[in-house]
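Asker: Here the sequence shown stands for residues 1 to 301, where the numbers follow the UniProt record's numbering. Positions of the beta carbon are idealized from the N, C-alpha and C atoms, including for glycine.
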Amino acid sequence: MGTFTHGATEWDVACPRRPSRVAGLTMAGFRVRDLDPLRMVPHPAVTLLLEFGAGSTVLDCAAGRQERGSIVAGPGLGTGGAVRARGVNVECVQVRLSPVIARAVLGASPADLDGAAVPLGDLWGREASRLREQLGDVPSWQDRFALTEALLARRCAAGPPVDPEVAWAWHRIAVSRGLARVDGLAAEVGWSRKRLWSRFRSQLGLPPKSAVKLVRFDHAAHRLVAGEAAARVAADTGYADQSHLHRDVMAFTGATPVALAAEPFLAVDDLAWPGHGTPGRPHVPAGQRPVRGPESAQPPH
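Structure (structure tokens):
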């Protein structure tokens, strides 16, 4: 377990000892005695916040809405800087799910979340409360990770996969770090633009153009946190210029690039998800690479 310090607050951070056997699933454990209001920075994944113990987490959302306890959030939660997390004696396992496996794991499409946070119990019923009890009963973080992975693996195996063409389009966006040409995705998988846009949105929770912007922003944001100059980051990550990067960061977070670079939500990633701070870890399930039309070869890498 490591310790992340931000101001006067210390976070205990735990990581699994091995990568998950479920492709597209990553986890970290957090224990924070007094969590000051924390800006939720949009991320290109579906997030599960699995709470346990006697503490309490509060998510302050737009329009004065609040969510407490274990929640699930669609890709891009916090866009506009409107969501803050706070709490006392917080203990939780945070799971990041590739949008490609999220529908199977959740039992509902990420599109139903519409980028917002909802109580996990709304989707899983009593299974959500049982999981909280089980996480509190096991003696170590590694046991909690194993318990969580086993549950999510079962749900993933039983749930419906996304279309291979949709998985491949997400793969292209992810490996390019948001630099993929959106108009070329449909041609790559042999679908019409209208069909791909509709299936992508309904199965992953956001349209391809929004996915490209979110993945590109996430990569740029982590480079800003790493201390790189905004002008260099803009030039390397596909923005027209530094002003374009500034506008995108403001739109996603309500903060300037300078302020974003100090956000603990991002700064803790190197400790909690070593090597996974940016979305360059695509997930294409086995056997789900699409073909170009009914009889043709697979699209190129």
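For the alpha helix (DSSP H) containing E133, list its first residue and its last residue.
Answerer: Here the alpha helix (DSSP H) through E133 covers R126 to D137.
Asker: Look up F252 in the DSSP assignment and say whether it is helix, strand or coil.
Answerer: DSSP places F252 in helix when its eight states are reduced to three.
Asker: Can you tell me whether F145 is helix, strand or coil according to DSSP?
Answerer: If DSSP states are grouped into helix, strand and coil, F145 belongs with the helices.
Asker: Just the Cα atoms here: how many angstroms apart are P279 and A240?
Answerer: The predicted position of P279 is uncertain, since its pLDDT is 39 and thus under 50; no value can be drawn from it.
Asker: Determine whether the beta carbon atoms of A255 and Q242 lie at a separation below 8 Å.
Answerer: For A255 and Q242, no; Cβs fall outside 8 Å.
Asker: State the DSSP-derived secondary structure class of F30, mapped to helix, strand or coil.
Answerer: F30: strand per DSSP, three-state reduction.
Asker: Count the other CB atoms within 10 Å of the CB of Q203; is the residue buried (16 or more) or exposed (fewer)?
Answerer: The residue is buried, with at least 16 neighbouring Cβ atoms inside 10 Å.
Asker: For R103, which of T5, A153, V88 and V249 has the nearest alpha-carbon?
Answerer: Nearest option by C-alpha distance: A153.
Asker: Which residues in the same chain have their Cβ closer than 6 Å to the Cβ of G53, if we skip the five residues on either side of it in sequence?
Answerer: Cβ within range, chain order: E91 and G136.
Asker: Quick check: what's the CA-CA separation for L113 versus A157?
Answerer: Taking the straight line from one Cα to the other gives about 21 Å.
Asker: DSSP has T3 in a bridge; who is on the other side?
Answerer: DSSP, once it has assigned bridges, lists D12 as partnering T3.
Asker: Counting beta carbon pairs with one atom in the stretch 67–84 and one in the stretch 247–263, are three or more of them shorter than 8 Å?
Answerer: Touching, yes, given that three or more Cβ pairs across the two stretches are closer than 8 Å.
Asker: Rounded to the nearest angstrom, what separates K194 and D143 at their Cα positions?
Answerer: Each residue's Cα considered, the two are about 45 Å apart.
Asker: Can you tell which of V22, H43 and G2 has the C-alpha that lies nearest to the C-alpha of G29?
Answerer: Among V22, H43 and G2, the Cα nearest to that of G29 belongs to G2.
Asker: Give the single residue among T47, S140, G69 and S129 whose Cα lies nearest to the Cα of P99.
Answerer: With distances taken between Cα atoms, P99 lies closest to T47.
Asker: Report all residues from its chain with a CB closer than 8 Å to the CB of R132; omit the five preceding and five following residues, and keep chain order.
Answerer: Hits under 8 Å: L50, E51, F52, G69 and S70.
Asker: If we count the other Cβ atoms within 10 Å of its Cβ and call it buried at 16 or more, is G275 buried or exposed?
Answerer: Its Cβ having fewer than 16 others within 10 Å, G275 is exposed.
Asker: Measuring CB to CB, does D42 end up less than 8 Å from V215?
Answerer: According to the sequence shown, residue 42 is Pro rather than Asp. In this structure, V215 does not lie closer than 8 Å to P42 by Cβ.
Asker: Give the DSSP-derived three-state secondary structure of C61 in the structure shown.
Answerer: Residue state, collapsed to three classes: coil.
Asker: Please list, in chain order, all residues of the same chain as S129 whose beta carbon is under 8 Å from its beta carbon, the five residues on each side excluded.
Answerer: For S129, where only same-chain residues beyond five positions count, the Cβ hits under 8 Å are G121.
Asker: Assign P99 to one of three DSSP states: helix, strand, or coil.
Answerer: Residue state, collapsed to three classes: helix.
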